[in-house]
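J.: The numbering of the sequence shown is this note's numbering, which starts it at 11 and goes up by one.
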Amino acid sequence: MSSGRRACGAARRTARHLAVVLVAVAAVDAGCQQPGPQAPADFVALSDVDPSIHSDIRYATAHNFVGRPIAGYPEALCLLTRAAAEALRRVQAAALAQRRSLKVYDCYRPQRAADDFVAWAKVPGEQQMKAEFYPDEAKSKLFADGYIGAPTAHSRGSTLDLTLVPVPPPTQPGYVPGQPLVACTAPPGRRFPDNSVDMGTGFDCFDPRAHTADPRITGDARANRELLRRLMTAQGFENYPREWWHYRLTAEPYPTTYFDFPVARSSLR
Numbered sequence: 011m012s013s014g015r016r017a018c019g020a021a022r023r024t025a026r027h028l029a030v031v032l033v034a035v036a037a038v039d040a041g042c043q044q045p046g047p048q049a050p051a052d053f054v055a056l057s058d059v060d061p062s063i064h065s066d067i068r069y070a071t072a073h074n075f076v077g078r079p080i081a082g083y084p085e086a087l088c089l090l091t092r093a094a095a096e097a098l099r100r101v102q103a104a105a106l107a108q109r110r111s112l113k114v115y116d117c118y119r120p121q122r123a124a125d126d127f128v129a130w131a132k133v134p135g136e137q138q139m140k141a142e143f144y145p146d147e148a149k150s151k152l153f154a155d156g157y158i159g160a161p162t163a164h165s166r167g168s169t170l171d172l173t174l175v176p177v178p179p180p181t182q183p184g185y186v187p188g189q190p191l192v193a194c195t196a197p198p199g200r201r202f203p204d205n206s207v208d209m210g211t212g213f214d215c216f217d218p219r220a221h222t223a224d225p226r227i228t229g230d231a232r233a234n235r236e237l238l239r240r241l242m243t244a245q246g247f248e249n250y251p252r253e254w255w256h257y258r259l260t261a262e263p264y265p266t267t268y269f270d271f272p273v274a275r276s277s278l279r
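As structure tokens, this is what we get:
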């Protein structure tokens with residue numbers, strides 16, 4: 011055998027040996043990876059506590075005021091403290107007795123999502139969703155006017171955004187990125203066809219008409235806001251007056267702790 015063939019054979023054996031070593035090292039590394047941030051043991055998926063509650067987790071999609079999925083939402087889930095989820099289960103029972111059902115838009119929100127909102131707010135040109143979510147509000151004023159907060163009570167796990175839908179709920183068309191936008195303050199027949207009952211504005215509508223007690227909201231929309239408020243306050247939730255959809259459990263288990271685990275089942279214990 012020539013010296014060249016011997017050299018090629020040795021090189022092939024060395025390459026195979028290195029490949030085996032690299033695979034073994036990768037396997038060890040995978041086994042030694044640390045799990046991501048975990049939720050406390052009393053956090054649950056709302057669907058496990060009450061599967062009859064509907065969900066439309068907007069921040070896991072492109073249909074929100076930013077126009078893309080938000081950091082920290084790898085899954086479209088509603089995670090809450092068990093105390094909040096159990097209270098919401100009782101609200102749902104009362105709502106169903108009136109031929110209504112709850113639908114959640116957002117629940118626990120990781121701190122990284124709030125940071126994402128802050129970063130977005132510092133880029134003046136990113137306003138592709140303005141025509142729907144803040145048609146009459148300057149982007150530069152959204153934080154100052156209280157429509158976005160950082161840190162947010164959502165990161166404590168007992169605050170959520172929600173609405174009421176009829177029973178059974180009508181079909182809701184999916185949002186198609188790039189579709190023509192309609193102001194969230196438009197009449198219900200013109201704005202995005204959410205299957206919610208009429209609440210006077212769409213969800214995440216950054217406008218004074220979204221204030222729970224805004225006097226311009228009358229008729230069925232006013233009655234629907236009041237029904238949601240009565241149902242929620244009866245089980246210990248408190249409304250944020252600037253947003254008809256925003257409620258916090260007053261006896262929240264973590265009143266001063268802001269969590270940052272992602273919205274995913276893998277975050278639960």
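Using N, Cα and C, we set each Cβ at its ideal position, and we do this for glycine too.
To test your reading of the DSSP string, which unbroken alpha helix (DSSP H) runs of 4 or more residues are found completely within the segment 86-150?
T.: Counting only runs of 4 or more, we get 92-106, 121-131 and 140-143.
J.: Could you give the first and the last residue of the continuous beta strand (DSSP E) run that contains valine 54?
T.: 53-55 is the span of the beta strand (DSSP E), which, as asked, contains valine 54.
J.: Can you give me the start and stop residues for the alpha helix (DSSP H) that glutamate 236 sits inside?
T.: Segment 229-243, the alpha helix (DSSP H) holding glutamate 236.
J.: Tell me whether tyrosine 250 sits in a helix, a strand or coil according to DSSP, three-state version.
T.: Of the three classes helix, strand and coil, the one that applies to tyrosine 250 here is coil, per DSSP.
J.: Please state the DSSP three-state secondary structure of proline 47.
T.: Reduced to three states, the DSSP call for proline 47 is coil.
J.: Going by DSSP, what residue range makes up the beta strand (DSSP E) through aspartate 204?
T.: Looking at the DSSP string, aspartate 204 is not in any beta strand (DSSP E), and its letter there is neither H nor E.
J.: Measure the alpha-carbon distance for arginine 200 versus tyrosine 144 and round it to whole angstroms.
T.: Cα to Cα, arginine 200 sits roughly 16 Å from tyrosine 144.
J.: Specify the secondary structure class of aspartate 270 as computed by DSSP and reduced to three states.
T.: Note: aspartate 270 maps to coil in three-state DSSP.
J.: Contact defined as beta carbons within less than 8 Å: I believe leucine 89 pairs with alanine 55. What is the distance between those atoms, to the nearest angstrom?
T.: The pair is a contact, with the Cβ atoms about 6 Å apart (cut-off 8 Å).
J.: State the start and end residues of the unbroken beta strand (DSSP E) segment that holds leucine 258.
T.: The amino acid at residue 258 is misidentified as leucine; the sequence shows arginine. Per DSSP, arginine 258 belongs to the beta strand (DSSP E) from 256-259.
J.: Where does serine 165 sit, in a helix, a strand or coil, going by DSSP?
T.: Correct three-state label for serine 165: helix.
J.: Once DSSP output is grouped into helix, strand and coil, what is the label at proline 187?
T.: DSSP places proline 187 in coil when its eight states are reduced to three.
J.: Suppose the cutoff is 8 Å on Cβ atoms and the five residues either side in sequence are ignored; what does the same chain contact list for valine 343 look like?
T.: With the chain covering only 11 through 279, there is no way to say anything about residue 343.
J.: Which residues in the same chain as alanine 94 place their Cβ atom closer than 6 Å to its Cβ, once the five residues preceding and following it in sequence are excluded?
T.: Hits under 6 Å: Ser168 and Leu259.
J.: Tell me whether proline 176 sits in a helix, a strand or coil according to DSSP, three-state version.
T.: Of the three classes helix, strand and coil, the one that applies to proline 176 here is strand, per DSSP.
J.: Within the chosen definition, does the segment 76-83 reach the segment 114-124 through at least 3 CB pairs nearer than 8 Å?
T.: Touching, yes, given that three or more Cβ pairs across the two stretches are closer than 8 Å.
J.: Among the candidates Asn74, Thr91, Ala49 and Ile67, whose CA atom is the shortest distance from the CA of valine 59?
T.: Checked all of Asn74, Thr91, Ala49 and Ile67; the closest Cα to valine 59 is Thr91.
J.: For glutamate 85 versus arginine 275, is the C-beta distance shorter than 8 Å?
T.: Yes, they are a contact pair.
J.: State buried or exposed for threonine 173, treating a residue as buried only when at least 16 other CB atoms are found within 10 Å of its CB.
T.: Classification of threonine 173: buried, given that the 10 Å Cβ count is 16 or more.
J.: In this structure, does DSSP put serine 276 in helix, strand or coil?
T.: DSSP places serine 276 in helix when its eight states are reduced to three.
J.: Can you find at least 3 beta carbon pairs, one from the segment 128-140 and one from the segment 225-238, that sit closer than 8 Å?
T.: Taking 8 Å as the limit for Cβ pairs, the verdict is that the segment 225-238 does not touch the segment 128-140.
J.: Leaving out five residues on either side along the sequence, give the residues of the same chain with a beta carbon under 6 Å from the beta carbon of isoleucine 227.
T.: Excluding sequence neighbours, isoleucine 227 sits near Gly210.
J.: Do alanine 123 and tyrosine 69 have their CB atoms nearer than 8 Å?
T.: It is a contact, given that the beta carbons lie within the stated cut-off.
J.: In whole angstroms, what is the alpha-carbon distance linking leucine 152 and aspartate 214?
T.: Roughly 11 Å separates the two Cα atoms.
J.: Which whole-angstrom value is the C-beta distance of proline 203 and glutamine 182, which I expect to be below 8 Å?
T.: With 8 Å as the limit, proline 203 and glutamine 182 qualify as a contact, their Cβ atoms being about 7 Å apart.
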